[in-house]
Amino acid sequence: MPTFAYEAMDSSGLEVKDTIEAPSEAEAQTMIREKGFYVTKIREKDRKKKDPKKGAATKGAAAKGGGKKKAFTIGGVKPKLLCQFTRQLSTLQDAGLPVLRSLRILEGQNKPGALKNALMDVIEDIEGGNTLSEAMSKQPKAFDNLYVNMVKAGEAGGALEVILQRLAEFKEKAQSLKRKIVGAMIYPAAVITVAVVIVSFIMLFIIPKFKEIFIGFGVELPAPTVLLISCSDWMMSYWYMLFVGPIGFVLFTKIVKKNKTGAYVMDWLSLRIPLIGKILHIGTIARVTRTLGTLISSGVPILEALLISRDTAGNAVFVRAFDNIYSAIREGETIAVPLKEARIVDDLVVNMVDVGEETGALDDMLYKVADVYDEEVEVRVESLVSLLEPIMVVVLGLIVGFIVIALFMPLIKLLNDLS
């Protein structure tokens, strides 16, 4: 079995040199990482000497950055991977490692994918003389404006490790809330999907059989049976609408949202959907206030922080309100006054922002608002799921009951006639 000599860093930043036996270099790196070390250099011992010209060519390619090939990827970096990377980079910076070395360690640990490709480009740009924030800004699929601006603020203030720690906490909380919401909605989504499949099967395959029986015996059909058979005939003729309908709705929504007025109307309507609209509203407030608080505490100028927070809202109603707040602050107003006029948040948020501005602890107040609303989102989602369960049972009972009654009414009449 080959023996590999490696250099690594432990969790405290101390350098470790040792050897390890493994079937391949990839498995050797995995075994080293399991020990809690970050691999910085690894090579197989007693390798046969290669042709000098070939070795020189290899070194030249590596020096130019051509030694590593990028993997083909579609889409951006997964939030979970970005959270993990941010936490690891924060740990390495806190241990006192140089930025470039930290990035090389993390790039070597990552599996081929969008994040690894982005890190390779970031390392190359930093070697070319760019700062970390400048290099990250060239990789929008991996690092958004919030990420880049917080790193930029950390570089300017000389506290990059602190900023990265805040950024990691911010992303971890956002991911945690998202997982809870998705987890709570899995059961209702599964039940609804199964119900749709079963009802579609009955309408497409069972009802036509009964229709043939009724036609064969010449039974006069009551109104519920006629309605049921009409629905079955429609589904038999336009069965593809079960797939085209949802896809068409999604495409129509995306097309409408490309227009500013259409996006505003759609988002305004979404905030007024019973039960769900309130959850969307509160969730947006929590996300925006946490983003704004994180940026302000990291030293990002208030106007720039407002623009970045506006872009994370994901709702045209909040975007328009933040544009008005931005314009008011440029004219010398405080945040609380235009925020109250915008009417997108409760009086509690306005008062807490007002107190935060007066006491100079705006970031802390925004954090508290975000925590309160995050908890409220969780409670409302749990309540919605609890409410959906009896509603689904009642709706499914009514649908099944209607089908059974509509089918048995002519059957009972047919039996009476035969008897």
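In terms of the working numbering, the sequence shown is numbered consecutively and its last residue is 426. Ideal Cβ positions, reconstructed from N, Cα and C, are used throughout, including at glycine. Computed from a prediction, not measured in an experiment: that's the story for all the values here.
Neighbourhood of residue i by C-beta, 7 Å cutoff - its chain only, sequence neighbours within 5 removed
{"i": "residue 379", "result": "none"}
{"i": "residue 44", "result": "15, 16, 17 and 23"}
{"i": "residue 94", "result": "175"}
{"i": "residue 214", "result": "235, 236 and 239"}
{"i": "residue 90", "result": "175, 178, 179 and 182"}
{"i": "residue 372", "result": "359, 360, 362 and 363"}
{"i": "residue 6", "result": "Outside the displayed range of the chain (8 to 426) lies residue 6, so it cannot be described from this structure."}
{"i": "residue 206", "result": "406"}
{"i": "residue 284", "result": "277 and 278"}
{"i": "residue 83", "result": "121, 148 and 149"}
{"i": "residue 98", "result": "none"}
Chain-order list of residues whose beta-carbon lies under 8 Å from that of residue i (same chain, five-residue window excluded)
{"i": "residue 399", "result": "195, 198, 199 and 202"}
{"i": "residue 155", "result": "140, 143 and 144"}
{"i": "residue 78", "result": "119, 120, 123 and 124"}
{"i": "residue 409", "result": "231 and 235"}
{"i": "residue 181", "result": "86, 294 and 297"}
{"i": "residue 388", "result": "187, 188, 191, 192 and 286"}
{"i": "residue 8", "result": "28, 29 and 30"}
{"i": "residue 395", "result": "195"}
{"i": "residue 255", "result": "none"}
{"i": "residue 100", "result": "106, 109, 167, 168 and 171"}
{"i": "residue 173", "result": "157, 301, 304 and 305"}
Cβ-based neighbour list, residue i, same chain, cut-off 6 Å, excluding 5 preceding and 5 following
{"i": "residue 125", "result": "146 and 149"}
{"i": "residue 249", "result": "none"}
{"i": "residue 407", "result": "none"}
{"i": "residue 36", "result": "46"}
{"i": "residue 366", "result": "none"}
{"i": "residue 133", "result": "107 and 142"}
{"i": "residue 424", "result": "none"}
{"i": "residue 413", "result": "231, 232 and 235"}
{"i": "residue 403", "result": "202"}
Residue(s) in a DSSP beta bridge with residue i
{"i": "residue 51", "result": "11"}
{"i": "residue 407", "result": "Residue 407 is not bridged to any residue."}
{"i": "residue 25", "result": "13"}
{"i": "residue 477", "result": "No statement about residue 477 is possible, as the shown extent of the chain runs from 8 to 426 and does not include it."}
Residue i vs residue j beta-carbon contact at 7 Å
{"i": "residue 140", "j": "residue 159", "result": "yes"}
{"i": "residue 274", "j": "residue 322", "result": "yes"}
{"i": "residue 96", "j": "residue 171", "result": "yes"}
{"i": "residue 270", "j": "residue 261", "result": "no"}
{"i": "residue 320", "j": "residue 377", "result": "no"}
{"i": "residue 354", "j": "residue 304", "result": "no"}
{"i": "residue 80", "j": "residue 33", "result": "no"}
{"i": "residue 237", "j": "residue 210", "result": "no"}
{"i": "residue 422", "j": "residue 224", "result": "no"}
{"i": "residue 352", "j": "residue 343", "result": "no"}
{"i": "residue 336", "j": "residue 346", "result": "no"}
{"i": "residue 104", "j": "residue 130", "result": "no"}
{"i": "residue 138", "j": "residue 114", "result": "no"}
{"i": "residue 349", "j": "residue 328", "result": "yes"}
For residue j and residue i, believed in contact at Cβ under 8 Å, the rounded distance
{"i": "residue 384", "j": "residue 184", "result": "7 Å"}
{"i": "residue 301", "j": "residue 325", "result": "Not confirmed; about 17 Å, so no contact."}
{"i": "residue 49", "j": "residue 38", "result": "Actually they do not touch by this definition, with Cβ atoms about 11 Å apart."}
{"i": "residue 11", "j": "residue 51", "result": "5 Å"}
{"i": "residue 282", "j": "residue 391", "result": "6 Å"}
{"i": "residue 157", "j": "residue 307", "result": "7 Å"}
message: Under 8 Å, with one C-beta from each stretch per pair, do the region 168-182 and the region 293-305 reach the 3-pair mark?
response: yes
query: Using 8 Å as the threshold, is the region 310-325 in touch with the region 150-165, meaning 3 or more CB pairs across them?
result: yes
query: Counting pairs of Cβ atoms below 8 Å between the region 411-425 and the region 228-235, do you hit three or more?
result: yes
message: Quick test of the definition: if touching needs 3 or more C-beta pairs under 8 Å, does the region 384-395 touch the region 351-361?
response: no
- prompt: So does the region 186-194 actually touch the region 209-218, counting three or more Cβ pairs closer than 8 Å?
  reply: no
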